[in-house]
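Below: one structure, written as structure tokens.
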Amino acid sequence: MHGEGVYGRVLGLPPVDAAKALADLVEISSQIESAVLADGDGGVLASTLASDERAEAVAREARELLEGATGAAGRPTQVQVSFQEGCVFVVADDERLVAAVTSRDPTAGLVFYDLKTCLRLSGEQPTAKKAAAGSRRKKKADVAEAEGEA
Amino acid sequence: MKRRLAAAAVAIGSVLGAAALWRRRSGAGKDRADVYFADGSMVSFPEGSDEAGALFPIARRILAQARS
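The listed protein sequences correspond, in order, to chains X and U.
Here the first sequence stands for residues 29 to 178, where the numbers follow the working numbering.
Here the second sequence stands for residues 66 to 133, where the numbers follow the working numbering.
Here it is as structure tokens:
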């Protein structure tokens, strides 16, 4: 069924690898033409572009765009540059960035939301979740032990 | 006949003026860069500003690379 994986993923929000997160992003957002997910050093983690060279160039330029927009308020978390012929979006967190190109006059809020979701999903590691679950189990055990002593 | 032509001209002029005003107010057709920060603040740099002059060429290169 069309979109089943996407909606199930969005509802459940399980961690996904970078390529899958980007594929879901382009599938769920009709306004996004192409996107590149990169790490903090500008290394490409995933891309919808056909050429690796172009993906690397986009990642490098996106990082440069963020640095160019850095001002008194610090490094920006989101940048949108709008032209007659289309828009460029860049969303970044502490470790990664995602850059996307859209057609003219997109719904900026939706595009930002989809990019942030992609960034979040691609950044969640299963190991981190397991560690968190282990921590919760330990806390429950501590509580049970404390209640037993009382 | 002249009155009708004048009325039509006024109507067409009004429509065109309203469209131009709406276009100007909505910012359509204007190139700009919107920058959002972690504290929730946002700065918009219109075409012609120094900041836009620095950011536009980079963004145009991204568009070109993505669409080439």
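Here a beta-carbon is modelled for each residue, glycine too, at the ideal position from N, C-alpha and C.
Since the model is a prediction, treat every value here as computed from it, not as a measurement.
Short Cβ contact (8 Å threshold) for S62 of chain X with V139 of chain X: No; because the gap between Cβ atoms is not below 8 Å, this pair is not in contact.
Beta strand (DSSP E) segment containing G114 of chain X, residue limits: Residue range G114 to A120 is occupied by the beta strand (DSSP E) that includes G114 of chain X.
Rounded C-alpha distance that separates R126 of chain U from E112 of chain U: One alpha carbon belongs to R126 of chain U, the other to E112 of chain U, and they sit about 17 Å apart.
Nearest-angstrom Cα separation, counted from K95 of chain U out to G82 of chain U: The C-alpha of K95 of chain U is placed about 18 Å away from the C-alpha of G82 of chain U.
Contact with chain U by A49 of chain X, beta-carbon distance below 8 Å: Output row for A49 of chain X: interface = no.
Chain X residues whose Cβ lies nearer than 9 Å to that of A103 of chain U: Here the neighbours are A101, G102, R103, P104 and T105.
Any C-beta of chain U under 8 Å from that of S24 of chain X: Outside the shown range of chain X, which is 29 to 178, sits residue 24 of chain X, and nothing can be said about it.
Beta-carbon spacing of A127 of chain X, V64 of chain X below 8 Å: With contacts defined as CB atoms closer than 8 Å, A127 of chain X and V64 of chain X qualify as a contacting pair.
Cβ of G151 of chain X within 8 Å of any chain U Cβ: Cβ-Cβ to chain U under 8 Å: no for G151 of chain X.
DSSP bridge partner residues for R97 of chain U (one or two, in chain order): Answer by DSSP bridge pairing, in chain order: X:S110 and U:P111.
Residues of its chain near Y101 of chain U, where Cβ-Cβ distance is below 8 Å and the 5 sequence neighbours each way are ignored: Once the five neighbours on either side are set aside, the close Cβ partners of Y101 of chain U are M107.
Within-8 Å CB hit, E123 of chain X to chain U: When Cβ-Cβ separations below 8 Å define contact, E123 of chain X makes no contact with chain U.
Inter-residue spacing [alpha-carbon to alpha-carbon] between A72 of chain U and A85 of chain U: Whole-angstrom Cα-Cα distance: 20 Å.
Residues that V54 of chain X contacts on chain U, provided the C-beta gap is smaller than 7 Å: Here the premise fails: no neighbours, minimum Cβ distance about 12 Å.
With 16 other Cβ atoms within 10 Å as the buried cut-off, status of A76 of chain U: Label assigned to A76 of chain U: exposed.
DSSP bridge partner residues for R124 of chain X (one or two, in chain order): Answer is X:D67.
For D104 of chain U and E81 of chain X, the rounded distance between their alpha carbons: Their backbone Cα atoms lie some 34 Å apart in a straight line.
Close beta carbons around R97 of chain U, own chain, < 8 Å, minus the five adjacent residues each side: Answer for R97 of chain U: S109, F110, P111, E112 and A117, listed in chain order.
Rounded Cβ spacing between G114 of chain X and L128 of chain U (contact assumed at less than 8 Å): Taking the Cβ atoms as the reference, G114 of chain X lies roughly 6 Å from L128 of chain U, within the contact range of under 8 Å.
Own chain residues within Cβ distance below 6 Å of S75 of chain X, not counting five before or after: Its chain contains V64 and A83 as the residues whose beta carbon lies nearer than 6 Å to that of S75 of chain X, once the 5 sequence neighbours on both sides are disregarded; these appear in chain order.
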